[in-house]
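Asker: One structure, pasted below without further comment.
Residue numbers (the working numbering), protein chains in the order written: chain A, 36 to 306; chain B, 36 to 306.
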């Protein structure tokens, strides 16, 4: 991999250890949607610190509860290694912004390359996406909302799933598309934390009051090391009721291997 | 609800507050599989303490990382309320058994009844199960393994999904069936923590090395208050690779409403 300091994602997820499992970091401008930092970016930033504390190369399963929006500026990430096991190291995390907790996290870290192989059985496969050049680049504006994040990313959506961008509805809470970085940074397991929250909410494609869909909780499972190339992603929602919705993703690499799954619980926008 | 002291689940999940957000409790014998306490029972016990600390009636989203097996005997559950919001209170938890952490948890609690209503859209529905009396009661022994837990529960499986109990394979990692308590305790949102880990691993129905499937992490979303009556449950696994498998559940009440979803990441048994 080239010098990480040249890639925007690495600059934006840089951490400075204080030496006591506490890290200084900064929420960088330009990774936001209308001023609020993207939840996947915040997750990646916190996980960068937790991963460092773990001494292992990869997040394997991480859960974040979102407590306050992230605004650009300095943050402190406190970590605590609670168990160092043979395969996994479990770490808690808190991202503090000013005197508020922005995120609370719990994760287990390991070495995904060392875990590879063994018994495998997979139901289903990656979405059968058209080539990137036939997909629709996600725009940096959706109506009055500015999605600054999209300048950093190359998110290209399956054309049939972009009805919402024209004020229409596909009728199904499903969005598929390609993910890569705008500066073509290679995608590692840290970047997967961003990928799983980088697409428009699939509920934009159904008749639901439009608005911000704030994440309450997100869990990501890293299931493989991404092979080089863009990722094929599927985001979908099945259950909207009692003020909450679930959103799942499956993320596949260019070799057709599942590399991440995520599920989040989010609040239904108030119409 | 009748006097809770008469139901086995309430006795087994009793907690005694020390007054400083720390709780004494006991892992009761009889909720185990070959001596190890069931992961759902441990989750319910820890969540009982976290719920009490939260001051809210229901777990809404809870994640547990399993660090050590739970053996019958006293445990201490430390909790910390990290945010009291308008709708949700976020709490961390640690279940200690002796000088070891058995579980680490992160959860948000609320009032599911107060959240009910609003925009709803659901894809799919409950499994179309045969009546309980035509289903197969889960046995207290599977080969040489004693599933003591099953004396407490009334888990009845769809007959086509019980191939594994005869040393056969259905070929699909799917198990559906009914859940109720053996003593017919009403099912509340705390009990859902147990329900989502009360069925045999669906991977028992595919050609995979048989053995213990230890949970690394489990996340449960409570999506509704269960109506009275047995629950219709679906457990399924789609992705087995690199030493890990995911297992999802959807749990539906007698009114046909989704009341819980869960996903766990577990280790593939070593053949």
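Backbone N, C-alpha and C fix where the C-beta goes; we use that ideal spot for every residue, glycine too.
From residue 107/B to residue 43/B, what distance separates their C-alpha atoms?
Answerer: Each residue's alpha carbon lies about 15 Å from the other.
Asker: I'd like to know if the stretch 236-245 of chain B and the stretch 80-94 of chain A are in contact, where contact means that at least 3 CB-CB pairs between them fall below 8 Å.
Answerer: No: fewer than three Cβ pairs fall under 8 Å.
Asker: Could you work out which residues of chain B lie near residue 118/A, taking near to mean beta carbons separated by less than 7 Å?
Answerer: Going along chain B in sequence order, the residues near residue 118/A (Cβ under 7 Å) are 102, 136.
Asker: Do three or more CB pairs link the stretch 69-80 of chain A to the stretch 216-235 of chain A at distances below 8 Å?
Answerer: Short answer: they touch.
Asker: Mapping DSSP to helix, strand and coil, what is residue 289/B?
Answerer: Residue 289/B: coil per DSSP, three-state reduction.
Asker: Unbroken alpha helix (DSSP H) runs of length 4 or more, entirely within the stretch 53-127 of chain A: which are they?
Answerer: Those alpha helix (DSSP H) runs which fall completely within the stretch 53-127 of chain A and span 4+ residues are 74-89.
Asker: Would you kindly report the start and end of the unbroken alpha helix (DSSP H) that includes residue 150/A?
Answerer: Where residue 150/A is concerned, the enclosing alpha helix (DSSP H) stretches over 147-150.
Asker: Runs of 3 residues minimum, wholly inside the stretch 186-256 of chain A: which ones carry the beta strand (DSSP E) assignment?
Answerer: If we require 3 residues or more, the beta strand (DSSP E) runs fully inside the stretch 186-256 of chain A come out as 188-192, 209-216.
Asker: Is it right to say residue 51/B is buried, meaning 16 or more other beta carbons lie within 10 angstroms of its own, or is it exposed?
Answerer: Looking at its Cβ environment, which holds fewer than 16 other Cβ atoms inside 10 Å, residue 51/B is exposed.
Asker: Taking 7 Å as the CB-CB cut-off, is residue 85/A touching chain B?
Answerer: With 7 Å as the cut-off, residue 85/A does not count as an interface residue toward chain B.
Asker: Are residue 267/B and residue 290/B close, meaning C-beta to C-beta below 7 Å?
Answerer: No.
Asker: Is the CB of residue 228/B under 7 Å away from at least one CB in chain A?
Answerer: No, residue 228/B lies away from the interface with chain A (no Cβ there is under 7 Å from its Cβ).
Asker: If we count the other Cβ atoms within 10 Å of its Cβ and call it buried at 16 or more, is residue 40/B buried or exposed?
Answerer: By the 10 Å Cβ count, residue 40/B comes out exposed.
Asker: Let me see if you follow: with CB-CB separation under 7 Å, is residue 274/B close to chain A or not?
Answerer: Closer than 7 Å to some Cβ of chain A, the Cβ of residue 274/B qualifies, so yes.
Asker: Using 10 angstroms around the beta-carbon of residue 169/B, count the other beta-carbons present and answer buried if the total reaches 16, otherwise exposed.
Answerer: Classification of residue 169/B: exposed, given that the 10 Å Cβ count is below 16.
Asker: Is residue 141/A near residue 298/B, with beta carbons less than 7 Å apart?
Answerer: Going by C-beta atoms, residue 141/A is not nearer than 7 Å to residue 298/B.
Asker: What does residue 256/B reach in chain A if we use C-beta pairs closer than 9 Å?
Answerer: Neighbours of residue 256/B on chain A, chain order: 252, 274, 279, 281, 298, 300.
Asker: Leaving out five residues before and five after residue 236/B in sequence, what residues of the same chain have Cβ atoms less than 7 Å from its Cβ?
Answerer: So the qualifying residues of the chain are 248, 282.
Asker: Report the option in 164/A, 57/A, 175/A, 46/A whose CA atom is closest to the CA atom of residue 210/A.
Answerer: Taking only the C-alpha atoms, the option nearest residue 210/A is 164/A.
Asker: Given a limit of 8 Å on CB to CB distance, which residues of the stretch 147-178 of chain A reach chain B?
Answerer: Of all residues in the stretch 147-178 of chain A, 147, 150, 151, 152, 153, 154, 155, 156, 157, 158, 159 have a Cβ within less than 8 Å of some Cβ in chain B.
Asker: Consider the Cβ of residue 141/B: report whether some Cβ of chain A lies at a distance smaller than 7 Å.
Answerer: Yes, residue 141/B counts as interfacial toward chain A.
Asker: Under 8 Å: do the stretch 194-212 of chain B and the stretch 58-77 of chain B share three or more Cβ pairs, one atom per stretch?
Answerer: The stretch 194-212 of chain B is not in contact with the stretch 58-77 of chain B.
Asker: At 9 Å on the CB atoms, spell out the chain A contacts of residue 241/B, in chain order.
Answerer: Those within 9 Å of residue 241/B in chain A are 156.
Asker: Please name the residue in 63/B, 273/B, 134/B whose C-alpha comes closest to that of residue 46/B.
Answerer: When each option's Cα is compared against that of residue 46/B, the closest is 63/B.
Asker: In this structure, what does DSSP give as the bridge partners for residue 142/A?
Answerer: Answer is 97/A, 126/A, bridged to residue 142/A.
Asker: Hey, could you find the ends of the beta strand (DSSP E) residue 267/B is sitting in?
Answerer: 266-271 is the extent of the beta strand (DSSP E) around residue 267/B.
Asker: Return the chain-ordered list of same chain residues with a C-beta closer than 7 Å to the C-beta of residue 67/B, the five sequence neighbours on each side being excluded.
Answerer: Excluding residues within five positions, the ones whose Cβ falls inside 7 Å are 73, 183, 184.
Asker: In terms of residue numbering, what span does the beta strand (DSSP E) encompassing residue 154/A cover?
Answerer: Where residue 154/A is concerned, there is no enclosing beta strand (DSSP E), given that its DSSP letter is neither H nor E.
Asker: Is residue 98/B close to chain A? Criterion is C-beta to C-beta, closer than 7 Å.
Answerer: Answer yes: the Cβ-Cβ gap between residue 98/B and chain A drops below 7 Å somewhere.
Asker: Considering only the beta carbon of each residue, do residue 251/B and residue 300/B sit closer than 7 Å?
Answerer: In contact: residue 251/B and residue 300/B (Cβ atoms closer than 7 Å).
Asker: Residue 282/A bridges to which residues according to DSSP?
Answerer: In the DSSP output, where bridge partners are listed per residue, residue 282/A has 299/A.
Asker: Between the Cα of residue 232/A and those of 195/A, 271/A, 278/A, spot the shortest distance and give me the residue it belongs to.
Answerer: Selected option, being the one with the closest Cα: 271/A.
Asker: Are residue 95/B and residue 145/B closer than 7 Å when you measure CB to CB?
Answerer: Their beta carbons are under 7 Å apart, which means residue 95/B touches residue 145/B by this criterion.
Asker: Short check: CB of residue 255/A to CB of residue 97/A, under 7 Å?
Answerer: In this structure, residue 97/A lies closer than 7 Å to residue 255/A by Cβ.
Asker: Run through DSSP, which three-state label would residue 48/B get?
Answerer: The answer is coil: DSSP assigns residue 48/B none of H, G, I, E or B.
Asker: When you compare the CB of residue 124/A with every CB in chain B, is at least one pair closer than 7 Å?
Answerer: No - not a single Cβ of chain B is within 7 Å of the one on residue 124/A.
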